[in-house]
Amino acid sequence: MIDFIKNLRTDNEKIKLQKEIKELRQELTSKNKKINILEKKLDNSELLYNIIQDEHDTSSYNYEEAEAAIQK
Numbered sequence: 003m004i005d006f007i008k009n010l011r012t013d014n015e016k017i018k019l020q021k022e023i024k025e026l027r028q029e030l031t032s033k034n035k036k037i038n039i040l041e042k043k044l045d046n047s048e049l050l051y052n053i054i055q056d057e058h059d060t061s062s063y064n065y066e067e068a069e070a071a072i073q074k
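Residue numbers (the numbering used here): 3 to 74.
What follows is the structure in structure tokens.
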């Protein structure tokens, strides 16, 4: 009888731990998805910044060229 109770307790603990592991894995998966989304947003914002910077550099160059042409 005592062995049965010990085994039952051990089984209950095992089930509880398995459930906790499952919940933690789900939480980890969710956090990984959020991380991936944030990384994509960061990549997109860096790309957008580079595009804007390129456009700014191009317009500055064009402005300088136009001023030089006017000076001639």
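Backbone N, C-alpha and C fix where the C-beta goes; we use that ideal spot for every residue, glycine too. This one's a predicted model, so the numbers in the text were calculated from it and none came from an experiment.
To the nearest angstrom, report how far apart E67 and N38 are at their CA atoms.
One-based indexing of the sequence shown puts residue 67 at position 65. One-based indexing of the sequence shown puts residue 38 at position 36. Cα-Cα distance, rounded: 43 Å.
Tell me the rounded alpha-carbon separation between N64 and I72.
One-based indexing of the sequence shown puts residue 64 at position 62. One-based indexing of the sequence shown puts residue 72 at position 70. Take the alpha-carbon of N64 and the one of I72: they are about 12 Å apart.
Taking the straight line between their C-alpha atoms, what separation do you get for S32 and I54?
Working through the sequence shown from its first residue, we reach residue 32 at position 30. Working through the sequence shown from its first residue, we reach residue 54 at position 52. Looking at the two C-alpha atoms, the distance is approximately 33 Å.
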